[in-house]
Amino acid sequence: MARTQPGPGDRPWHATATLETLRSLLEAGARIRHEVSRRAQLSDVELATLERLSHGPIGPAELARHLDVTSAAATGIVDRLSRRGHLERVPHEDDRRRTQLHITDSATAEVSRHLRPMFEGLARLDGEFSDEERAVVERYLRGALAAVEAAIAEPGDGPSD
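No gaps in the numbering here: position 25 of the sequence shown is 25 in the UniProt record's numbering, and each next residue is one more.
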């Protein structure tokens, strides 16, 4: 009788402790966004908006593209965050007809409050490594990031290894 479900030995890669730990980290990374959203009483998309704005101001149309939502949906998100004092609409420096969205200090403080323990723990961990060890970890993480980004860019188009 043929097996219908692949077993652990059928994987094209060997599930090392490093790969299993990375998988757990990626799963925890997905969960933390939802947990911070819940604690800060924000929707997941509102938190994603604030996360994007923490990297610098953008316009509403660019936000809609980033979130993969309609302009109308982005306007609703911006309106809700603006009412809560988490973002401001500011006239564009070069073109006063355009608007840029800026995250407020209160939003940064709110999200940071929930993430500070994680950031402090990561900083302590990073401090335990030598420069040489940190270089190896960085090389691994950059490679892992490239693999994840490749999967995002081309979902399902690669060979089924």
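Every residue, glycine too, gets a C-beta built ideally from N, C-alpha and C.
Pick out whichever of the options has its Cα sitting closest to the Cα of residue i.
| i | options | result |
| --- | --- | --- |
| LEU50 | HIS86, GLU154, GLU62, HIS92 | HIS86 |
| ARG96 | GLU35, LEU53, GLY59, VAL148 | GLY59 |
| HIS102 | LEU25, ARG23, PRO57 | PRO57 |
| LEU67 | SER82, ASP44, ALA107, ALA146 | ASP44 |
| GLN100 | ALA40, GLU62, ALA17 | GLU62 |
| LEU141 | HIS14, ALA15, LEU25, THR16 | LEU25 |
| HIS55 | ASP126, THR104, GLU93 | THR104 |
| PRO117 | ILE32, ALA17, ARG23, SER82 | ILE32 |
| ARG84 | ALA64, GLY29, GLU110 | GLU110 |
Just verifying my parser: in three-state terms, what is the DSSP assignment at residue i?
| i | result |
| --- | --- |
| GLU20 | helix |
| residue 237 | Outside the modelled stretch of the chain, which goes from 1 to 161, sits residue 237, for which no answer is possible. |
| ARG3 | Bear in mind that a pLDDT of 48 at ARG3, under 50, signals an unreliable position, so the model cannot answer this. |
| GLY56 | coil |
| ASP161 | Because the pLDDT at ASP161 is just 45, under 50, the model does not fix this residue reliably, and the value given afterwards should be weighed accordingly. It is coil, neither helix nor strand. |
| GLU149 | helix |
| GLU154 | coil |
| ALA28 | helix |
| ALA72 | helix |
If you count every other CB in all the chains shown that lies within 10 Å of the CB of residue i, and 16 or more means buried, which is it?
| i | result |
| --- | --- |
| SER37 | buried |
| LEU42 | buried |
| residue 248 | No answer is possible for residue 248: the residues shown for the chain start at 1 and end at 161. |
| VAL148 | exposed |
| ILE77 | buried |
| GLU46 | buried |
| LEU53 | buried |
| ALA150 | exposed |
| VAL136 | exposed |
| ASP79 | exposed |
| ALA64 | buried |
Which stretch, first to last residue, makes up the alpha helix (DSSP H) that contains residue i?
| i | result |
| --- | --- |
| residue 181 | The question about residue 181 has no answer here: the residues shown for the chain are numbered 1 through 161. |
| HIS66 | 60 to 67 |
Taking 8 Å as the cut-off, is the beta-carbon of residue i closer than that to any non-hydrogen atom of the ligand FMN?
| i | result |
| --- | --- |
| ALA73 | As presented, the structure is devoid of all ligands, the ligand FMN included, so that no description of it is given. |
> Which ranges does the alpha helix (DSSP H) cover as unbroken runs of at least 4 residues, wholly within the segment 74 to 145, from first to last along the chain?
Replying inline: 105 to 127
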